[in-house]
Ligand code: NI
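In this note's numbering, the protein residues as written are 3 to 315.
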């Protein structure tokens, strides 16, 4: 399911305390969370289920950093939209959160730790991703005739899905490479050397990290790297995510939308299935993508069979 970004960058959808629909928890689950909260030192005793359950931050809730109140006063939803980001206050919030991480790693099971990491320890990354989403949406709206922030957001979602099963990957690189992978697409933008991607990255990540992200983006492009497998795990993940979006129902919709826009006859779009889309299943790098691709490939084949039958009848 989709991430639910709290004002400070927490991901409520992963938090074992979060009970807003559709994340309802049983009494037993809430009690387990209360026990976990004591184990990791967030509470000094096992609190009641009522106290541990949470339906999201509200300005009136107590918060050491007053983040929600501060955002409400500024009329923004999260720190990622704040002109003063990252302020002293949020930096301290990140630091204190980080200070809990070693203890969590020590006392938690792998599953518990993974959950806490996703919910709390990736605040900065989540806020950065949120900024990238805003940047990309603006970039496509202003420069590419509305083309196609939606594709980028889907690729980002698939990349995150795959990354979850590849714990050794660098999530910062995967996140930003996925979100920026078409920011300098030559069909839409006349930029050199990932200029649009670099503009976003500058000052937000180190120059080494920016380089790593740009290399990842370069290794993903279908037209530039036909048949070539990216060297890095991060490149493999983003390439898989990008390719998945050319398959299945979305792939069909995109192919005919593109064909229509360029005045292509139906048969030309159908040829594109054979030239590219039907080859993608066997080009996936990761296990997760292979599984997702199998279903989407079957749907492509079923569609083509049906189309053929209807046309030739
Ligand atoms: Ni793409």
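Even glycine gets a Cβ: it sits at the ideal position worked out from N, Cα and C.
- Membership of residue 198 in the alpha helix (DSSP H) is indicated by the continuous run 197 to 203.
- In this structure, residue 220 has its CB at a distance of at least 6 Å from all heavy atoms of the ligand NI.
- For residue 150, the distance from the CB to the nearest heavy atom of the ligand NI is not below 6 Å.
- Under the three-state reduction of DSSP, residue 44 is assigned to coil, being neither helix nor strand.
- Looking only at 161, 37, 25 and 99, the smallest Cα-Cα distance to residue 67 is reached by 99.
- Taking the Cβ atoms as the reference, residue 109 lies roughly 33 Å from residue 214, outside the contact range of under 8 Å.
- With contact defined as three or more Cβ pairs closer than 8 Å, the stretch 117 to 132 and the stretch 6 to 22 are in contact.
- Rounded to whole angstroms, the gap between the alpha carbons of residue 175 and residue 251 is 28 Å.
- In the DSSP annotation of this structure, the continuous segment of the alpha helix (DSSP H) that includes residue 162 starts and ends at 151 to 166.
- For residue 48, same chain residues with a beta-carbon under 7 Å away, outside a window of 5 residues either side, are 36, 37 and 40 in chain order.
- DSSP places residue 7 within a strand segment (E or B) once states are collapsed to three.
- One alpha carbon belongs to residue 219, the other to residue 46, and they sit about 46 Å apart.
- A straight line joining the alpha-carbon of residue 9 with that of residue 24 spans about 20 Å.
- Taken through DSSP and simplified to helix, strand or coil, residue 20 comes out as strand.
- Going by beta carbons, residue 161 and residue 222 fall outside the 7 Å limit.
- With 6 Å as the limit, the residues whose C-beta approaches a heavy atom of the ligand NI more closely than that are 153, 157, 183, 184 and 244, in chain order.
- The alpha helix (DSSP H) runs of length 4 or more contained entirely in the stretch 83 to 144 are, from start to end of the chain, 90 to 109 and 112 to 118.
- DSSP places residue 260 inside the alpha helix (DSSP H), whose first and last residues are 250 to 263.
- Cβ contact annotation for residue 58 (same chain, cutoff 8 Å, sequence separation greater than five): 6, 8, 14, 20 and 22, in chain order.
- DSSP places residue 14 in the helix class (H, G or I) of the three-state scheme.
- At the C-beta level, residue 286 and residue 300 stay beyond 7 Å of one another.
- DSSP, reduced to helix, strand and coil, places residue 49 outside both helices and strands of the structure shown, so it counts as coil.
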